[in-house]
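The structure appears right after this line, and notes come after that.
Protein chains: 2
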Amino acid sequence: MILTVTLNTALDITYRVGALRPHTSHRVSDVTERPGGKGVNVARVLAALGHETTVAGFAGGGTGRAVRERLADTPGIRDALLTVTGPTRRTIAVVDELTGDTTQLNEPGPQIAPAEWGAFLDRYEELLGGASAVALCGSLPPGVPVGAYAGLIKAARSVGVPVLLDTSGEPLRRGVAARPDLAKPNADELAELTGSHDPARATQDARRRGARTVVASLGAHGLLALTPEGRWRATPPTREHGNPTGAGDSVVAGLLSGLVEQLPWPDRLTRAVALSAATVRAAAAGEFDRMAYEKLLGQVAVTGGPAAG
Amino acid sequence: MILTVTLNTALDITYRVGALRPHTSHRVSDVTERPGGKGVNVARVLAALGHETTVAGFAGGGTGRAVRERLADTPGIRDALLTVTGPTRRTIAVVDELTGDTTQLNEPGPQIAPAEWGAFLDRYEELLGGASAVALCGSLPPGVPVGAYAGLIKAARSVGVPVLLDTSGEPLRRGVAARPDLAKPNADELAELTGSHDPARATQDARRRGARTVVASLGAHGLLALTPEGRWRATPPTREHGNPTGAGDSVVAGLLSGLVEQLPWPDRLTRAVALSAATVRAAAAGEFDRMAYEKLLGQVAVTGGPAAG
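If you read the protein sequences in the order shown, they are chains U and L.
In short: position in the first sequence from 1, add 9, done, that's our numbering.
In short: position in the second sequence from 1, add 9, done, that's our numbering.
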């Protein structure tokens, strides 16, 4: 089983409107809802790839119930979310029907009480017992200590479970220092962590800070991977047009599934890039287009190799 | 008991953001939720004025549960909402913290099945038995026939319960033709109904179309009332600054409470204008500032009289 941790789960709501005009009133023509938060998105892709996946984190209130009802309908995902008092946050994506542009409104998330955080730590340690790998994904809700990921990484390493970190800001800084097996920052997160806007240099710096492997996701420029085994670059065939929501989460799912399947690095990166591009191309945000994925697998260009590692 | 009907109840959500910029991402700094829909807002004001009030209409899904949980916490309101399959809509008000301006996103509402509409009609007839007055408020959700208010007005009139109509568009047109005791359009609704932008003329036209009394709410210009007993104009002392959300619903509550208390028209209109201005002045959308209300009662100017009726 692969474990994904989403401390700040979300009910992701998408609204379609004619055009968003500030300070006016809008009739929403279409409403869709799905369970969200980065680790939940990762779990959905892992499940679609055939991996048994467990989702850990928090859920509360009516929005939390909505998240769990929808998770229960997703084959291959086991819900191990902990019920908390505060309501799970909503995220609202307002899509302009004409341009396809999206305006995002993200609630901060519930206040997590110290006892709730303590209960999560107990459950996490239990779940690690059955996990082949764990992904720690996304922002921290209020009340969770900023060093939370560092602690979760140490706990995974102490029982020999490979751990991937995908977050930003101070939680990323502290998490990287706790020596995760893999960190997957995007260009902005990498620049914020290292102070460098040169991806090659910043990726190297991030490894020096503690991450065993760093895979930087550079949007349309693909992935740059610095690993103990070598250095690779993987690039999609074309710049994809569509909704990039969830593309980074698909990269995480590709890397994590490749890790537990013990694929060579070029194959892991190919899978991650193909999944990411197929997610941008999908009609619904956070889904991936399976036909596109399978076609893209043969079109990703990988350069580099063990010698440069 | 006063009965208010809200066929398209809502979970009203307010977000505070620094400034709304289309096609960017926003962190919401503050989230508030309250039960909404015009008739629910009217009921809240009636209850605050000491009137026992029953809320009828539909509620469904997680949002419907949230509406009902909050209604249960409001003293003086009895929840007679009918549970339906489709989820109650959300409305999102995004308030710019700097300017105070609001951007509104309104979901369309649940699809009401024919059997659900039939069940509502049965419940409505039961509730009319104990009602001293009824208010029919707001938009119709999908599936409810466009002539719904006309039918509800006839049912109320047939058992001698005074009925107030506050809606817009075709439901207003058909409802007015069914001869409600009172219609309360705003300037836009009145112009759409009659084709005239002259409030005096349009109000007269609306009466000719069937409404026994028409009270037009003209925003900062107060109210214009054409009744069988006379014609009045009621004006607030100053233009209020604040959030006009719910101001029209407070007018309805003022008129309806004045009706069941058998106040003379000038007193009803004074109350309605004072409540409306005190709603604009309140910190939270849809609440009213009671201190301001009591002060404003002595400051509303009423002109006109029975002779002009």
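Glycine included, C-beta positions come from ideal geometry on N, C-alpha and C.
None of the values given here were measured: they were computed from a predicted structure.
Inset, instruction - Check the Cβ of U/D110 against every Cβ in chain L and list those closer than 9 Å, keeping chain order. - result: P31, H32, listed in chain order.
Legend entry - Distance between L/R36 and L/V26 (C-alpha atoms, nearest Å): C-alpha separation (whole angstroms): 7 Å.
Legend entry - For L/R98 and U/P96, the rounded distance between their alpha carbons: 18 Å
Legend entry - Nearest neighbour of L/H230, chosen from L/E78, L/T222, L/D214, L/R248 [CA to CA]: L/R248
Inset, instruction - Please list the partners that L/H250 has in chain U, where partner means a Cβ-to-Cβ separation under 7 Å. - result: What L/H250 touches in chain U: nothing, since even the nearest Cβ is about 15 Å away.
Legend entry - Three-state secondary structure (DSSP) of L/L16: coil
Inset, instruction - For U/H230, write down the residues that DSSP places opposite it in a beta bridge. - result: Answer by DSSP bridge pairing: none, since U/H230 is not bridged.
Inset, instruction - Have a look at the DSSP bridge pairing and note the partners of L/F67. - result: Beta bridge pairing from DSSP links L/F67 with L/L91.
Inset, instruction - Quick one: which unbroken beta strand (DSSP E) runs of 3-plus residues sit fully inside the region 233-309 of chain U? Chain order, please. - result: 239-244
Inset, instruction - Tell me whether L/A317 is buried or exposed, calling it buried when 16 or more other Cβ atoms sit within 10 Å of its Cβ. - result: For L/A317, the predicted model reports a pLDDT of 47, less than 50, meaning its position is unreliable and no value from the coordinates is stated.
Legend entry - Alpha-carbon spacing of U/L191 relative to L/R87, whole angstroms: 56 Å
Inset, instruction - Starting from L/Q213, follow the alpha helix (DSSP H) in both directions and report where the run begins and ends. - result: 208-217
Legend entry - Neighbourhood of U/R218 by C-beta distance below 7 Å, restricted to the same chain and skipping five residues each side: Cβ within range, chain order: V185, A186.
Legend entry - Contact residues within the region 65-92 of chain L, judged by C-beta distance below 9 Å to chain U: G70, G71, T72, R74, A75, E78
Inset, instruction - Mind listing, in chain order, the continuous beta strand (DSSP E) runs of no fewer than 3 residues lying wholly within the region 164-195 of chain L? - result: 172-175
Legend entry - 8 Å contact criterion, which L/L20 and L/A81 should meet: CB distance rounded: No, L/L20 and L/A81 are not in contact; Cβ-Cβ is about 14 Å, not under 8 Å.
Inset, instruction - Helix, strand or coil for U/A144, going by three-state DSSP, please let me know. - result: strand
Inset, instruction - Check each candidate in L/G255, L/Q271, L/C146, L/V309 and name the one with the smallest Cα separation from L/R43. - result: When only C-alpha atoms are compared, the closest one is L/G255.
Legend entry - Where the alpha helix (DSSP H) containing U/R53 begins and where it ends: 47-57
Inset, instruction - Please state whether DSSP places U/I121 in a helix, a strand or coil. - result: coil
Inset, instruction - For U/R182, count neighbouring C-beta atoms within 10 Å of its own C-beta (all shown protein chains included) and say buried if the count is 16 or more, exposed if not. - result: Looking at its Cβ environment, which holds 16 or more other Cβ atoms inside 10 Å, U/R182 is buried.
Inset, instruction - Please confirm whether U/G48 and U/A144 have their CB atoms less than 8 Å apart. - result: Yes, the pair counts as a contact, with Cβ atoms nearer than the cut-off.
Legend entry - Partners in chain U for L/E134, counting only beta-carbon separations shorter than 7 Å: What L/E134 touches in chain U: nothing, since even the nearest Cβ is about 31 Å away.
Legend entry - Boundaries (first-last residue) of the beta strand (DSSP E) holding L/L107: First-last for L/L107: undefined, no H or E at that position.
Legend entry - Interface residues of chain L facing U/Q113 [CB-CB closer than 8 Å]: Taking a Cβ-Cβ cut-off of 8 Å, the neighbours of U/Q113 in chain L comprise T33, S34, H35, given in sequence order.
Inset, instruction - On a CA-only basis, which of L/G169, L/L136, L/A310, L/E125 is nearest L/P154? Give me that one, please. - result: Taking only the C-alpha atoms, the option nearest L/P154 is L/E125.
Legend entry - Residues near L/G251 in its chain [Cβ-Cβ closer than 6 Å; skip 5 each side]: V289, R290
Inset, instruction - Give me whichever residues DSSP pairs with U/E42 in a beta bridge. - result: U/I22
Inset, instruction - Taking the CB atoms as reference points, tell me whether U/A215 and U/T203 lie closer together than 8 Å. - result: yes
Inset, instruction - Would you tell me roughly how many angstroms separate the C-alpha atoms of L/G267 and L/H60, rounded to the nearest one? - result: 11 Å
Legend entry - Chain-ordered chain L contacts of U/E179 [CB-CB under 8 Å]: By Cβ distance, chain L contributes nothing, its closest Cβ being about 15 Å from U/E179, past 8 Å.
Legend entry - Straight-line gap, U/E296 to U/L114 (C-alpha atoms, nearest Å): 20 Å
Inset, instruction - Check whether the Cβ of U/V40 lies closer than 8 Å to any Cβ atom in chain L. - result: yes
Inset, instruction - Measure the alpha-carbon distance for U/A310 versus U/Q120 and round it to whole angstroms. - result: Annotation: U/A310 to U/Q120 spans about 44 Å, alpha carbon to alpha carbon.
Inset, instruction - Output, in chain order, the set of chain L residues within a Cβ distance shorter than 7 Å of U/I101. - result: Chain L residues near U/I101: I101.
Legend entry - CB of U/A56 within 8 Å of CB of U/T18, strictly: no
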